[in-house]
Amino acid sequence: MQLIMSSITTTIVNLIVFSLLPIIWWFFRHRKEEGFFRWIGLFKPQLKSKWWVLLIFAILYYFFYNFDFTQFVSSETLEYIENSASVSANVFAGIGVAAILPAFIENFIANGVAEEILYRGFLCKRLISKIGPVKGIILQAVLFGLMHNILYILAGLDVGLWYHTLTFIFTGMGALLLG
Numbered sequence: 007m008q009l010i011m012s013s014i015t016t017t018i019v020n021l022i023v024f025s026l027l028p029i030i031w032w033f034f035r036h037r038k039e040e041g042f043f044r045w046i047g048l049f050k051p052q053l054k055s056k057w058w059v060l061l062i063f064a065i066l067y068y069f070f071y072n073f074d075f076t077q078f079v080s081s082e083t084l085e086y087i088e089n090s091a092s093v094s095a096n097v098f099a100g101i102g103v104a105a106i107l108p109a110f111i112e113n114f115i116a117n118g119v120a121e122e123i124l125y126r127g128f129l130c131k132r133l134i135s136k137i138g139p140v141k142g143i144i145l146q147a148v149l150f151g152l153m154h155n156i157l158y159i160l161a162g163l164d165v166g167l168w169y170h171t172l173t174f175i176f177t178g179m180g181a182l183l184l185g
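Going by the working numbering, the first residue of the sequence shown is number 7, and it counts up by one from there.
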């Protein structure tokens, strides 16, 4: 129960921290135009694409996220990461079934939703309005990839240039696929 409460606390803190800039921006610039959740992109989308376009995207997305890029990383680097207390997923290592719910809360809701609000909901929309859709999406994908590398550096993890390159490519590609 303590692990679940800790994950919920982390979720609340992440959502506040990652939403602070978008909320302030919306409050002073867009609150009279539309509600915050609609403005940030949290609404049921109206699908306008052909079914085959969605199928191709789903297949690409499936293969991209099921590809094991760690096969390109040295075993020493992987062992270093697996033993580091700075990697949030390692908090749940060795706990077993009791870690499923807290890991889900922390890794999908605390991190995933918070990143979506900041990057796709706020940053991507601002960049698209300033420099166009293609350049805006590419730039937010680059920034998303760089952010994941900066977090490793700030945590003091010495993973090497190759791991940073792979992290940048795969997280940036994920952001590019999600737009």
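Glycine is no exception: its CB is placed at the ideal position from the N, C-alpha and C atoms.
For Ile101, does the three-state DSSP call read helix, strand or coil?
In the sequence shown, counting from the first residue as 1, residue 101 sits at position 95. In the structure shown, Ile101 sits in coil (DSSP, three-state: anything other than H, G, I, E or B).
Only counting the same chain, and skipping five residues up and downstream in sequence, which positions put a Cβ closer than 8 angstroms to that of Trp32?
The count along the sequence shown starts at 1 and reaches residue 32 at position 26. Cβ within range, chain order: Phe42, Trp45 and Ile46.
Along the alpha helix (DSSP H) that carries Thr108, what are the first and last residues, could you check?
Indexing the sequence shown from 1 puts residue 108 at position 102. Before going further, note that residue 108 is Pro rather than Thr in the sequence given. Segment Ile106 to Phe110, the alpha helix (DSSP H) holding Pro108.
Could you check if Gly138 is buried or exposed, using at least 16 other CB atoms within 10 Å of its CB as the buried criterion?
Within the sequence shown, residue 138 is the residue found at index 132, counting from 1. Counting Cβ neighbours within 10 Å, Gly138 comes out exposed, since fewer than 16 surround it.
CA-CA distance, Asp164 and Ile106?
Along the sequence shown, read from residue 1 onward, the residue named residue 164 stands at position 158. Along the sequence shown, read from residue 1 onward, the residue named residue 106 stands at position 100. Taking the Cα positions, Asp164 is about 28 angstroms away from Ile106.
Taking the C-alpha atoms as reference points, what is the distance between Leu48 and Gly127?
Looking up residue 48 in the sequence shown gives position 42. Looking up residue 127 in the sequence shown gives position 121. Cα to Cα, the separation comes out at about 8 angstroms.
From what residue to what residue does the alpha helix (DSSP H) around Lys136 run?
Locating residue 136 in the sequence shown gives position 130, where the first residue counts as 1. Annotation: the continuous alpha helix (DSSP H) that includes Lys136 extends over Lys131 to Ile137.
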